[in-house]
Amino acid sequence: MNGHLLLQNSMPWITPFGAFWKLKPVLQLMESLKRALIKAWEEIPLETLRKVIDDFPKRLNVCIEGQGGYFE
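Residues in the sequence shown are numbered consecutively from 4, following our numbering.
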């Protein structure tokens with residue numbers, strides 16, 4: 004067995020295909036998080052979104068007056 008093949012077998016992340024398999028769990032996690040975020044977004048009541056949008060100018064002004072510091 005040559006040294007290059009031995010290296011590839013012992014460190015599969017060296018090859019592009021091996022790198023893909025190493026990233027597969029991360030990609031699956033990202034897809035799972037994406038689905039969860041979309042589901043959570045779709046569950047926010049429309050009235051809540053309207054209130055947030057309507058209150059935004061007031062909250063922005065408070066933020067500006069507080070020079071970006073903490074506010075409620």
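Don't be surprised by glycine CBs; every beta carbon is placed ideally from N, CA and C.
Values in this document were obtained by computation on a predicted structure and should not be read as measured data.
{"Query": "Using only the alpha-carbon positions, how far apart do VAL29 and ILE47 sit?", "Result": "27 Å"}
{"Query": "Pop quiz: PHE74 and VAL65 are said to be a contact at Cβ under 8 Å. What is the actual Cβ separation, rounded to whole angstroms?", "Result": "5 Å"}
{"Query": "Helix, strand or coil for ILE47? Go by DSSP, reduced to three states.", "Result": "coil"}
{"Query": "Tell me whether GLN31 sits in a helix, a strand or coil according to DSSP, three-state version.", "Result": "helix"}
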